[in-house]
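What the sequence shown shows, in our numbering, is residues 304 to 932, in sequence order.
Some notes on the structure that comes next.
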Amino acid sequence: MYKRPKLRLFMILLVCFVLAGIYNLFAAKEPASTLNDMQGKIVVIDPGHGGNDTGCTDNNKIWEKNITLAVARELAQLLEAEGAVVKLTRSGDYQLGRKWFSLKKNPDDLDERVAVALKNNADIFVSLHINCSPKRNRAGAVVFYNQDNKSGQCLARHIQRELNHIPEMVKRTSRARDYYILNRLKMPAVVVELGYISSAKDRQHLIEPAYQKKMARSICTGITNYCNDSHKVDLSVNTETPTYDSTVQVNNDTLPDLYFIPKTRTRLFMASEEMDSIDMANDTVKELARLALEQLVDGPRKTDELSPCIPDGITFKNLKVSGPLATVDLGMTNKESCLLGSEGEWVALSSIAYTLFELPEIREVQVMVNGKQRKTLAGHMDISKPISRDELPLTKVAGGIMEGKKPKVAIVIDDCGQSNPGGVKEMLSIDRPLTFAVMPNLENSRRQAVQAAERGYEVIVHLPMQPVRGKASWLGPGAITSEMTAEEIRREVRRNFAQVPYATGFNNHMGSLVTSRDDLIRPVLEVAREKGFFVLDSRTSDKSKIIPLAQSMGIAYTQRDIFLDDVKSVDHMKRQLDLLADKALANGSAIGIGHVGMGGEKMARAIKEMIPVMEAKGIEFVYLCELLH
């Protein structure tokens, strides 16, 4: 009598159990496509150069082609473990299309790399390189993208963010640049310059297998994060940016300026020098342009202030002017091309173009090499088409040229490491470049330095120094004082620098007395030079000797423009940040200093609230090391 209802109940329970199992099976599988959007993605990895084309070299001890291949192989394994389908443009030491030994470079090498991406219907393209710069203080990995490829820009930012999480990495921001290979790809595509072979610090890291693996892991994480987040990104957003307010108009009645690398106190990408006087009465545009290029290749007159942009061995052969187009023919061998690197190319081409753009009649510049049209100058920058005055991502300001179309702001946060952690947690949650200045020998010094570096922030030493007036208790342990001998100062500075992991430079905490005396600040700078540190002059004294001494000693340097929190109120701090933005708009860049500790939470709040306001004005936040002289 009771068997049938029990059977019915059993059948119902069995059906529910089966349905629950089916639901759980599909529910478990569903998130896989959302949590890991790498599954099935086709990623083409391009290890730059190869074979006879060594890329950048350090006296033939370090070859770019070997490092890019090592990182590419490691990256491929990591991406495949994430479910991606990976294709390498080269898997060994050869040039594309030329696996056998040859004394000549393959002129179609870059097009064959593009063809690999197109043939495989790549979802993502990543080209790996090592940079070389005439600016010897340049260091760190930089990710470049085509300014018209918005998905490429998003990918670049993701990869750059992860590379900056490598604690020992010099922090940089991603950039738009006119690479030949990026101009020919529509999918998300980037060039990752893994570091600078011209930087002693980067050279040491780049040859280490452990560091190569760290870079591969960071690039892999950046690609994965991009794929997981790309469906959330609005790629229709207008990324046009305002230019500096104080651009300088060309005067048709004066001689054109020539553009060189500055040695002196300036944040300019290139500084201007007026060409030698000539009789302009009967000169044509072509003749004036020819004379300007000859002087540009010869180098600057003020050799103590300026360095040439055109490397030795590259010569000016010929010039044609047809309407708004100037065609420049350069003489060059493969030897010079190996020494340039992408940044050397960029500097040389920019100096030629902007020198000619001083003549209002010239609006485009086509560069030829040895009488022939080429795809690139030395394997990177696109010269297959004319350089346009309107498209070059540089801006003319008083005294020279600033890199990019946006004015730049760096914010330094002083007094990190102290027992009062006010604002530290809030600062570490700000998703923009910041520089943390950490005081040595304090209970939180090491921990906060490591924490900041691992989260992608720049770290410098906040070195305590004796002021003209003030309490000794304000200085903290390890302070540099006037009673010390030069050797005692050097010894103490070495100890202090060692207390702050991952630091790449230093600034002065107080120090109005020490910074104003040559005999006291020189030993400090000697240790900075020995360590490869840059220096930020906090400008606590108008009599500071930091800048002229750093200049004479060949140390990279910069200085503070505005203190942001001299009054501990949010409204005042926001006004100071607004002033900082205005200064950057007027001069191209500006540096502000705030503090943690007392009022630190207010400082963090002011920065967070002003970020959208400043960015709406066209401001770009960068790391301090990107504004060095």
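Idealized CB from N, CA, C, for every residue including glycine.
Evaluate residue i with the Cβ neighbour count: other Cβ atoms within 10 Å of its Cβ, from every protein chain shown; 16 or more gives buried, anything less gives exposed.
i: P826; result: buried
i: N673; result: exposed
i: V473; result: buried
i: Q507; result: exposed
i: A919; result: exposed
i: K728; result: exposed
i: K438; result: buried
i: D451; result: exposed
i: E496; result: buried
i: G626; result: exposed
i: R416; result: buried
i: A701; result: exposed
i: E923; result: buried
i: N363; result: exposed
i: A789; result: exposed
i: K517; result: buried
i: S580; result: exposed
i: N890; result: buried
i: D734; result: exposed
i: D845; result: exposed
i: P603; result: buried
i: E833; result: exposed
Cβ atoms of residue j and residue i: under 8 Å apart, would you say?
i: G726; j: M906; result: yes
i: M917; j: N723; result: no
i: P736; j: G781; result: no
i: I365; j: I510; result: yes
i: L880; j: L867; result: yes
i: V803; j: V764; result: yes
i: L930; j: T843; result: no
i: I849; j: I824; result: yes
i: Y805; j: V753; result: yes
i: D717; j: D481; result: no
i: K709; j: G921; result: yes
i: L778; j: D821; result: no
Rounded to a whole number of angstroms, what is the C-alpha to C-alpha distance between residue i and residue j?
i: P689; j: Y562; result: 19 Å
i: Q456; j: G707; result: 14 Å
i: A801; j: R863; result: 24 Å
i: G703; j: A574; result: 4 Å
i: L943; j: K368; result: Nothing about residue 943 can be read from this structure; the chain reaches only from 304 to 932.
i: S691; j: E597; result: 21 Å
i: M787; j: A595; result: 53 Å
i: G857; j: A656; result: 29 Å
i: M913; j: H875; result: 12 Å
i: H468; j: Q721; result: 23 Å
i: K678; j: D356; result: 16 Å
i: V600; j: W649; result: 15 Å
i: C719; j: N747; result: 8 Å
i: K699; j: Q769; result: 41 Å
i: P663; j: Y483; result: 27 Å
i: T371; j: H932; result: 29 Å
i: L697; j: Q398; result: 33 Å
i: P491; j: A387; result: 15 Å
i: T606; j: D412; result: 38 Å
i: F448; j: L485; result: The question names Phe, but residue 448 is Tyr in the sequence shown. Each residue's Cα considered, the two are about 7 Å apart.
i: D693; j: L381; result: 41 Å
i: I865; j: I896; result: 7 Å
i: C523; j: L378; result: 6 Å
i: T784; j: V429; result: 51 Å
i: V715; j: T636; result: 44 Å
Leaving out the 5 sequence neighbours to the left and right, which residues in its chain are closer than 6 Å to residue i when beta-carbon positions are compared?
i: S645; result: N434 and H683
i: R475; result: G443 and V445
i: F836; result: G808 and F809
i: H461; result: G525, N528 and Y529
i: R793; result: P826 and V830
i: Y976; result: Residue 976 falls outside the range modelled here, since the chain spans only 304 to 932, and no answer is possible.
i: A713; result: I894, V925, L927 and L930
i: G903; result: G725 and G726
Who are the Cβ neighbours of residue i in its own chain at under 8 Å, not counting the five residues just before and after it?
i: L608; result: Reading off the sequence shown, one finds Glu at residue 608, where the question assumed Leu. Cβ within range, chain order: P565, K566, T567 and A574.
i: L622; result: K589, A592, R593, L596, A629, T630, V631 and D632
i: E383; result: V389
i: I325; result: Low per-residue confidence applies at I325: pLDDT is 49, beneath 50, and the placement is therefore not dependable enough to give any value.
i: E471; result: H508, Y514, A756 and Y805
Quick one: residues in its chain with C-beta nearer than 7 Å to the C-beta of residue i, no 5 flanking neighbours on either side, listed in chain order?
i: D340; result: C530 and N531
i: K911; result: I733
At least three beta-carbon pairs within less than 8 Å, the stretch 342-355 to the stretch 414-431: yes
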